[in-house]
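Asker:
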Amino acid sequence: MRKIILPRLVRSFSISEYAPEIADEKIYVWVNPPISALLSLMESFGAYVQSGDEQLNPYLEKLSAILSQGAEGTGWNADELMEMVKETADTDPQFWIWFNNRVLQEIKEHRLLQKKNETRDDDTGERRQNG
2 MRKIILPRLV RSFSISEYAP EIADEKIYVW VNPPISALLS LMESFGAYVQ SGDEQLNPYL
62 EKLSAILSQG AEGTGWNADE LMEMVKETAD TDPQFWIWFN NRVLQEIKEH RLLQKKNETR
122 DDDTGERRQN G
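Listed below in C-alpha cells is the structure:
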C-alpha cells in the first residue's frame with residue numbers, strides 16, 4: 002500500500018519587518034499543522050482575548066508548538082514568548098499584536114497558496130496543480 006507522508010513545512014519571517022531598527026531575528030512558523038492544532042490555537046486565542054492575561058499562558062503553550070518546529074535552537078517556548086510579551090508591553094504594545102498577526106499570516110498564506118495552485122479537472126473532478 003502506498004503512503005504519502007507530508008513533512009512539517011516551516012516558513013520564516015524577520016522581526017525587522019516590524020521595524021528595520023530591530024535585530025534581524027528570524028521567526029520560524031509551522032505552516033501546515035493539522036486542523037485540530039489550528040482550531041485549538043484559535044480557541045485558546047479567543048479565550049485569551051475574552052479573559053485577558055489569565056488565559057495568556059495556555060495560548061502561549063499552543064503558539065510555542067507552532068513556533069518550535071524549525072531547526073534546533075530556532076524555536077520559542079512559552080516562557081520565552083511570555084518574556085517577549087512582558088518586555089514589549091510597556092515599550093511597544095503594538096508589537097505583540099503584529100507578531101501574532103504575522104505568525105497567522107504565514108499559515109494563512111501557505112494554505113491559500115495551496116488552494117490557489119490547484120483546480121479540478123472538468124472531466125474527472127480530480128484536483129490538479131496549476132501552472
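Our numbering puts the first residue of the sequence shown at 2, with every later residue one more than the last. Note that the Cβ used here is the ideal one computed from N, Cα and C, for glycine as well.
What are the boundary residues of the alpha helix (DSSP H) that includes Lys87?
Answerer: Segment Ala79 to Thr92, the alpha helix (DSSP H) holding Lys87.
Asker: Straight-line CA distance for Gly132 to Leu114?
Answerer: For Gly132, the predicted structure reports a pLDDT of 48, less than 50, and the residue's modelled location is therefore unreliable. A value from the coordinates is still provided. Taking the straight line joining both Cα atoms gives about 12 Å.
Asker: If you reduce the DSSP assignment to three classes, tell me which class Tyr60 lands in.
Answerer: helix
Asker: Who are the near neighbours of Leu82 in its chain, counting only those whose CB is closer than 7 Å to its CB and skipping five residues on each side?
Answerer: Leu61, Leu64 and Ser65
Asker: Using the DSSP secondary-structure output, state which residues sit across from Arg133 in a beta bridge.
Answerer: Residue numbering for the chain in the displayed model covers 2 to 132; residue 133 lies beyond these limits and cannot be assessed.
Asker: Just checking my contact of Ile108 with Val11 at CB under 8 Å: how many whole Å lie between their CB atoms?
Answerer: The pair is not a contact, with the Cβ atoms about 11 Å apart (cut-off 8 Å).
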